[in-house]
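Just so you know, the protein sequences line up as chains A and B, in that order.
Taking my numbering, I'd label the letters of the first sequence as residues 29 to 624.
Taking my numbering, I'd label the letters of the second sequence as residues 1081 to 1655.
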Amino acid sequence: MRLLLLLPWLLTSSLADAGPDYPDGREVTARLMALAGERRADLLEIGLSAGGQKLRVLAIAPADGRAEAGAVLVVANPGGTTPLASLAAVALAEAVLAATTGPAAEVRWFILPLANPDGFDRGVERPRAEDGRNVTPVDDDHDGAEGEDPPDDLDADGLIATMLLADPTGTWLVDPVDGIAREAVAARGERGLYLKAREGRDDDGDGRFNEDGRGGVVLDRNLPHRYQPWTVDGGRWPADQPESRALLEFAFAHPEIAQVLVLGASNTLLQVPPPEPAPLSGSQPVRVPPRVAEALQLDPAQMYPVDDVLAAARQANRPDFAPERVRGLLSLGSREYPQVADLAWWREASARYIADLDANGLGNPRLPTPPPPPGSVTEWAYYQFGVVSFAVDLWSPPCGPVVAAEAVAAPPDTTGRDQIALRDVAAAHGGHGWQPWREVLLPDGRRALTGGAAPYARTTPPFALADSLLAAHVPLLLDLARWRPVLTDVEIHVEARGPQVWQVTAFPRNDGPVPYPTAQGVLCRRPAPLVLTLDGAEPLDGTGRRTLNQLPAHGTSSVAWLVRGEDGARVTITAAAPALGTVTRAFVLDATGGRP
Amino acid sequence: MKRRALVLLLLGLAGTGSLHAAEMPRFHWDRYFAQDEVDATLRQLHDAYPQLTELSSLGRTAEGRDIWCLTIGNSRTGALASKPAMYVDGAIHGNEVQATEVCLYTAWLLLDRYGEWDRLTELVDRAVFYVVPTVNVDSRARFFTDAGSYNVGRSARVPYDDDYDGRLDEDAPEDLDGDGLILQMRIRDTHGDHRSHPDDPRVMVRVKPGEPGEWTRLGLEGLDNDGDGLVNEDGPGYLDLNRNWGAGWQPPYAQSGAGDFPLSAPNTRAIGAFIAAHPNIGFAFTFHNYGGMFLRGPSNERSPVYPPQDVAVWDWLGSEGERTVPGYRYLISSVGLYATAGDFDEFMYATWGVLGFTGELTMSADAAYRGRSDAPDSSVWARRPSFLERQQFNDHLMAGEMFRAWQPFAHPQYGQVEIGGWKTFTTRLTPGWMLPEMLHRNAMFVIWTATQLPRVTVEVVAVDDLGGGLRRVRARAVNAGGLPTLTAHARLREIYRPDLFTLAGDGVTVVGGGLLADPHLGVLAPAERRPARLETHLDGFATREAAWIVRGKGEVTVRYEGVKSGVAEARVQLP
């Protein structure tokens, strides 16, 4: 089993207090490059990180040797703080190379284990602070200096943990029973004793602690969907970082990508996003912007039902003007909720995934994963790239079912709920991941406590669990490749319409559980459309080349030509799209209905 | 001219060489500059004033052309990067060509009058101009070399599948009759919705209900190249560079022409990097055509809130623009024109906290053939002259050269059609003889606005002995410019470091200090930490006072340093 080869990493380095450590980026890269020598694999360099590290994609051709196939793009650890995700990507690549049948063997894979290599590296630096940012200079506190007040390892344990600073205005305390830090509850007569901060000094004397470390931007905050400006770690504008540009340029250059799988902290199969609470309905009255109204010959002062605006747009522009494009006409901006039609396959994928987790012993209650952040890779892939996109994590701290339910209902943790789970995880693994509180003195004589959850403890399991987690999860990741459209055949019907005139109808068939494109893909006009081309007869109603708006899941749509041709003439119809591959069917024009 | 020569001579003697190295060529501003002439002009300006200019390529376009930036400023009076800067660009839409001429004229005026016009000389010595005459270089170049139309060439030359048929740019308009123009096509049709105007057969008017038709309009000259039943539906591009910027960017389904992602085009990427590297930019003009407007954001309903302090500055500048260029209107783009996402205005304001205007050059009303009795219209869109009036302007002022009369043409797909219409350098483009005034007025609005860039001075107003070796040093910073050193938006979103009002001296220790909450009462708002380094800003035409309690003696330096206002200092000796 290839996964067992991960075991040497267990021995690479250790910290007295934090336990055996994860491998660094060089080791992950070495493992990936070793796979590049396999017969079906090819290593692509798609760009450089802000720190000048190569962004390497392992491209793996389908096992059955087909030249054209839809592709799955795997983007691992874009947030930079989930090293297990990068290991999972390498393990997935190994498993893909070993697969000879099933969905994983039928597609092309593009696997990027270190999407954010600078951020990954920060996780193995000492002292260790949870930080997934690249090395782009950022003046976090906008004071004109960069990195002048980083966190400090006050207790010299190699970790930047939590600091509780004794202060008369403090609102935090250490729970006398649980030993975790939580906010004091005044209603219970409790009084706060501490201010809470990351471990460190006020190096620049501005009254703030650790407010300007080494800067950097996180790839998973920097993509264009739901991008949040003016944040510390999101960049100046969407996709202003080299990692983001490299990823986007690679994706747009590969129209064969039919699915994006993000391995990181979020899981959109465990927590499927909800539908739009108040979708734009056809009867909803809207005002039309003046210039649009002028073009559509509508009155900008009047309210129109959305359906009327759509009808006017179709009359003025094109008869096939898509309903969702009305959003653009009305300047409503991009969608922020999945299309209802897409939730059909998304929820089905979720149900199967959860069942598989249970079957693999991974279904125990655990703390919920965070939703994808603004500017995430996974949301960009669905909302703007238009393809199936799943975000999958591999671990979060186990907890009781009641705690898990509470955590879903009230995600921000001020009561110490999550810390208790982290402490319990640590207790089960020799204390690794939890530091007892210890007193330290700051240079100005102030007293503080440091300790609590170790960096990465919320997202990353003790390394001792890594192999078993990978062994259990990788088959599930392989199986996710099934969630894509699959062009299997083109059925042909031929009907005589008089001497040498025929109605030829093609029914391309999708045997996959996802339509092509997705409903969001129809809106985005991505990936490239399915094109059907007829050769061997003269079309009487246009050209031999037609496109299909959408091919339904496990179904077909029809494309018809009226053609002129000799009885018995040999005709071919080719259906092709980069993300689907190509199917060609030859038949003869006769009254038997299109025999091969 | 003698005076200018003397100034230049003196400056030359004071430094390492003359500011004026070569004779400035004589430019003719009553015509349009093809793109190779634009490049040559920039080189000539640089060659004539090598010590007042830097000419650099910010990057290359999709077709490999340079995106030039001419920097104008006097490095002998201080490092350019530390001076307040005006950014000016043009022709982000390649068919909006006269925007480039405004940029060139602005550059030429600043250089040609240097040493002659005092205010311009002072401005070039004090501030910096970054002039990017053409953003969409490829399409503007092709506007002069390819068969075209005033409406063709907006997009960058980045292929795009406009009609989602799996092919890129496969059905562009064509010059079918080989006259070098892409005009309009019409077909005779008794069921059509247009007929010829009874007073001028060149003009078509919409038929009234029940009235027989004469023509159906077929759009731009061209073929259905791909046989999909649509004509000219997938021409070169479409990537609208002015929907490709990074603030409020929306994907193409929500904003046509947005591009794959923000700053995905080489042009926006190159200019975005330049702007990021020049935080001293304090104001930005971007010139387009047409309509006669100075536009600002908000660009759409999702734009950030524009603080009233910034709007007040904009309103003041806009009203000045309306007077400097009569007929032009100062408008909010999303209200007075239309909503956009990913435009340059909002990128500069939302991302960089920089105020600016989109200058929409050329008014339809310029093509006036009106008598005294023709009352002016009040709305932007209603004030267009009728097509009949435009033809009268064409006949009386351009001898009919603006319009190609309708001519029969045997179209291979439609059959017999007629081709005709307004020629390329009409409609959105000011006739050459009217260009000089338009260029000068717009350039002077840019220059006048540049005079309002922050102009900060510092003075020590009092030194009081507090006894016991302590002194109180009181200083005042004054911004004589109308623009703030940092906009309210920039402060709210913490886009830059605040300005620093500092006191330092080798023999002095600062024990306390702060800004004066009320300078008249002398009430101090003490800084709890780092009192020697006070964070602040200056509004336009505003002052800020500070006081420091210091111990020691010797020379102290009071300094005001702003990202966009540069450095101002005053020194005082503490005995």
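Here a beta-carbon is modelled for each residue, glycine too, at the ideal position from N, C-alpha and C.
A quick note: this is a predicted structure, and the numbers were derived from the prediction, not measured.
Helix, strand or coil, according to DSSP, for residue i in the structure here?
i	result
R1275 (chain B)	strand
S1459 (chain B)	Reliability of the predicted coordinates at S1459 (chain B) is poor, the pLDDT of 49 falling under 50, and no value is obtained from them.
M1443 (chain B)	coil
I88 (chain A)	strand
S417 (chain A)	strand
L1509 (chain B)	coil
V542 (chain A)	coil
A1165 (chain B)	strand
F1354 (chain B)	helix
R1680 (chain B)	Outside the shown range of chain B (1081 to 1655) lies residue 1680 (chain B), about which nothing can therefore be said.
T259 (chain A)	coil
M1514 (chain B)	helix
Name the residue from the options whose alpha carbon lies nearest to the alpha carbon of residue i.
i	options	result
P1316 (chain B)	B:P1289, B:V1385, B:R1237	B:R1237
V85 (chain A)	A:A293, A:D327, A:N577, A:V103	A:V103
S1219 (chain B)	B:Y1318, B:Y1185, B:L1411	B:Y1318
N3 (chain A)	A:S417, A:F418, A:L422	Residue 3 (chain A) is absent from the structure shown; chain A starts at 29 and stops at 624.
Q1487 (chain B)	B:K1288, B:R1297, B:R1206, B:I1499	B:I1499
P503 (chain A)	A:G107, A:A121, A:A87	A:A121
R1552 (chain B)	B:T1201, B:P1606, B:I1527	B:P1606
D230 (chain A)	A:A476, A:P165, A:E153, A:G262	A:A476
R1535 (chain B)	B:L1601, B:G1646, B:Q1131	B:G1646
D517 (chain A)	A:P567, A:G596, A:I601	A:I601
G1144 (chain B)	B:L1411, B:G1371, B:A1221	B:A1221
Q531 (chain A)	A:W589, A:R553, A:E277	A:W589
Q1493 (chain B)	B:V1603, B:H1100, B:D1306, B:A1570	B:D1306
D1127 (chain B)	B:E1103, B:T1141, B:I1527, B:D1146	B:E1103
Assign residue i to one of two classes, buried (16 or more other C-beta atoms within 10 Å of its C-beta) or exposed (fewer than that).
i	result
E1649 (chain B)	exposed
M331 (chain A)	exposed
G1309 (chain B)	exposed
T1420 (chain B)	buried
S1459 (chain B)	Bear in mind that the predicted position of S1459 (chain B) carries a pLDDT of just 49, short of 50, making it too unreliable to give a figure here.
R1484 (chain B)	buried
W1461 (chain B)	Residue confidence for W1461 (chain B) is low, a pLDDT of 48 falling below 50, so the modelled location carries little weight; the figure read from the coordinates is stated next. W1461 (chain B) comes out exposed.
K1644 (chain B)	buried
S1235 (chain B)	buried
W1513 (chain B)	exposed
K1288 (chain B)	exposed
A157 (chain A)	buried
H582 (chain A)	exposed
P179 (chain A)	buried
P489 (chain A)	buried
Note down, in chain order, each residue of its chain lying with its Cβ closer than 6 angstroms to the Cβ of residue i, except the 5 sequence neighbours on either side.
i	result
A449 (chain A)	L395, P425, C427
T487 (chain A)	T109, T110, A293
Q1532 (chain B)	G1561, G1562, L1563
A1364 (chain B)	Y1167, M1428, V1434, G1436
Between which residues of its own chain and residue i is the CB-CB distance below 7 angstroms, once the five residues before and five after are set aside?
i	result
E1635 (chain B)	G1585, R1651, Q1653
P155 (chain A)	D181, G186, L187, I188
M1482 (chain B)	N1474, W1502, K1503, T1506
V1541 (chain B)	R1554, A1555, R1556
L297 (chain A)	A377, S378, Y381, F418, V420
So, at 8 angstroms on beta carbons, what are the nonlocal neighbours of residue i in its own chain, with the 5 sequence-adjacent residues on each side left out?
i	result
E239 (chain A)	D168, D169, D177
S77 (chain A)	L83, N144, P145, D146, N162, V163, P270, E271
Check the Cβ-Cβ distances between residue i and every residue of chain C, and say whether any is below 8 angstroms.
i	result
F1341 (chain B)	In the structure shown, chain C cannot be found, because the protein chains are A and B.
Exercise. Spell out a yes or no on whether the region 1373-1383 of chain B and the region 301-312 of chain A are touching, meaning 3 or more CB-CB pairs, one atom from each, closer than 8 angstroms.
Key: no
Exercise. Pair every Cβ in the region 1210-1224 of chain B with every Cβ in the region 1337-1344 of chain B, then say whether three or more of these pairs are closer than 8 angstroms.
Key: no
Exercise. Assess, as a yes-or-no matter, whether the region 519-531 of chain A is touched by the region 248-268 of chain A under the definition of 3 or more beta carbon pairs within less than 8 angstroms.
Key: no
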